[in-house]
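Under this note's numbering, residues 1 to 303 are what the sequence shown spells out, in order. Just so it is clear, CB atoms sit at the ideal spot from N, CA and C, and this is done for glycine as well. Structure record follows, encoded as structure tokens.
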Amino acid sequence: MNPKKRILSIDGGGVRGALTACFLVKLEQQVGKPCREIFDFVAGTSTGALIAAAIAAGVPATRILEIYTQRAGEIFNVSPLLTWPARFARGYAFKSANVVRVLQGEFGAAASWTLNDCPIRILLTARGVNGQTWYFVRDGDRNSQYVGGASLDECAAASAAAPTYFTGLKVNPANGHTIGWCFDGGAGDLGNPVYQACVEAFAYDDFTPETTSVISLGTGYYPSADPNPPCGLLATLSWTLDSLLNSASDQQSELVNRHYPGVMQRFNWKLPHAIDMAAASAIPELVAIGRQLSSQMDWASIL
1 MNPKKRILSI DGGGVRGALT ACFLVKLEQQ VGKPCREIFD FVAGTSTGAL IAAAIAAGVP
61 ATRILEIYTQ RAGEIFNVSP LLTWPARFAR GYAFKSANVV RVLQGEFGAA ASWTLNDCPI
121 RILLTARGVN GQTWYFVRDG DRNSQYVGGA SLDECAAASA AAPTYFTGLK VNPANGHTIG
181 WCFDGGAGDL GNPVYQACVE AFAYDDFTPE TTSVISLGTG YYPSADPNPP CGLLATLSWT
241 LDSLLNSASD QQSELVNRHY PGVMQRFNWK LPHAIDMAAA SAIPELVAIG RQLSSQMDWA
301 SIL
């Protein structure tokens with residue numbers, strides 16, 4: 001029998017990625033290895049794509065968490081009071097170029113990597129402005145070999161370009177093929193990319209369900225108990241966007257359970273209140289929650 005392989009999939013969620021990073025810090029502490037040596041395949045959408053790309057680049061989980069706590073202000077650099085006016089007036093509040101800049105500053109030698117340079121398998125999702133869904137992966141014998149030459153940091157930042165929050169990001173041509181302008185992979189049905197990660201691994205790579213374990217990490221959720229519809233244009237737009245980016249989470253997990261039963265372990269955590277994906281001021285609270293919850297995790301038994 002082939003040795004067990006491991007896939008890590010991480011949902012989108014903006015600043016709530018700080019909570020998820022706490023669990024990866026605990027994982028590396030308990031196992032004594034960086035995530036890149038624990039997992040054979042990392043997948044992510046939006047903030048999950050940023051974490052997955054950092055793992056592939058060899059960034060330790062402690063530093064990934066510090067990026068949220070120390071450098072979020074370089075990305076979410078518009079006052080909360082001006083965020084909605086900016087989104088309404090110009091269609092975005094933040095520039096995706098700032099995300100690329102932070103990644104390039106953190107990735108070291110990996111700042112110049114393409115997807116094909118990654119030492120482990122990787123899947124980052126994005127949505128083209130033409131409606132095409134992009135699955136950014138390394139080139140392989142069984143896939144289209146279309147996107148492997150694309151830049152790792154551009155693909156990650158494109159996946160994190162949530163509409164109305166961020167500008168779209170133009171991903172430069174790969175392997176002579178045009179990719180073009182993209183938005184957040186969650187602007188479709190891939191806010192949780194776990195099912196597509198399984199399809200990529202089992203249909204287009206050499207992974208098999210019998211010898212693979214999948215860890216799917218959410219970024220926290222808060223179910224609204226308000227029975228009333230949102231009131232006003234801004235509230236309705238906010239509800240619509242949040243639903244668009246977050247509604248597919250359970251669906252994707254259910255698809256994995258139906259098509260590949262027993263392969264996946266899913267972890268997500270209820271938050272004490274709703275936290276907007278751009279609320280950088282909430283990061284200390286998210287870290288406190290993440291550290292408290294992650295202290296209860298026994299990664300040895302999970303893996």
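**OP:** Say whether the region 269-285 touches the region 3-19, bearing in mind that this needs 3 or more beta-carbon pairs closer than 8 angstroms, one atom from each stretch.
**Re:** yes
Subject >> Beta-carbon proximity of W239 to L27, cut-off 7 angstroms >> reply: no
Subject >> Same chain, Cβ closer than 7 angstroms to Q196, five either side skipped, listed in chain order >> reply: L123, T125, Y135 and L190
Original post:
Where DSSP assigns a beta bridge to I7, which residues make up the other side?
Top reply: F41 and V214
Original post:
Straight-line CA distance for E154 to A160?
Top reply: 10 angstroms
**OP:** Locate the alpha helix (DSSP H) running through A203, then write down its first and last residues.
**Re:** V194 to A203
**OP:** Taking only the alpha-carbon atoms, compute the straight-line gap between L169 and R6 and give it to the nearest angstrom.
**Re:** 30 angstroms
Original post:
Nearest-angstrom Cα distance between Q265 and T212?
Top reply: 11 angstroms
Original post:
Per DSSP, D139 forms a beta bridge with which residues?
Top reply: In DSSP, D139 forms no bridge with anything.
Original post:
If we count the other Cβ atoms within 10 Å of its Cβ and call it buried at 16 or more, is G188 buried or exposed?
Top reply: buried
Subject >> Reference Q319, options L217, T236 and L152, closest by Cα >> reply: Given a span of 1 to 303 for the chain in the structure shown, any question on residue 319 remains unanswerable.
**OP:** Identify, in the order they occur along the chain, each residue of the same chain with its Cβ nearer than 6 angstroms to the Cβ of M1, setting aside the five sequence neighbours on each side.
**Re:** Caution is warranted here: a pLDDT of 45 is assigned to M1, below 50, making its placement in the model unreliable, and no coordinate value can be reported.
Original post:
Any contact of the region 57-65 with the region 74-90, i.e. 3+ C-beta pairs under 8 angstroms?
Top reply: no
Original post:
What is the residue span of the alpha helix (DSSP H) that F23 lies within?
Top reply: G17 to V31
Original post:
Among all the DSSP beta bridges, which residues are the ones paired with Q265?
Top reply: I215
Original post:
From which residue to which residue does the alpha helix (DSSP H) around F88 run?
Top reply: P80 to R90
Original post:
Apart from the five residues just before and just after G148, which ones in its own chain have a Cβ nearer than 6 angstroms to its Cβ?
Top reply: L115, N116, R138 and D139
**OP:** Spatial neighbours of K270 within its chain, please: CB distance less than 8 angstroms, with the 5 preceding and 5 following residues excluded, ordered by chain position.
**Re:** G220, Y221, Y222 and P223
**OP:** Going by CA-CA distance only, name the one from V129, P119 and L8 that's closest to V171.
**Re:** V129
**OP:** Thinking G290 and F23 are a contact (beta carbons under 8 angstroms), I'd like their distance in whole angstroms, please.
**Re:** 7 angstroms
Original post:
In chain order, which continuous runs of the alpha helix (DSSP H) of length 4 or greater are located wholly inside the region 137-172?
Top reply: 152-159
Subject >> Span separating the alpha-carbon of R297 from that of T20 >> reply: The question names Arg, but residue 297 is Met in the sequence shown. One C-alpha to the other measures close to 12 angstroms.
Original post:
Are T178 and Y92 close, meaning C-beta to C-beta below 7 angstroms?
Top reply: no
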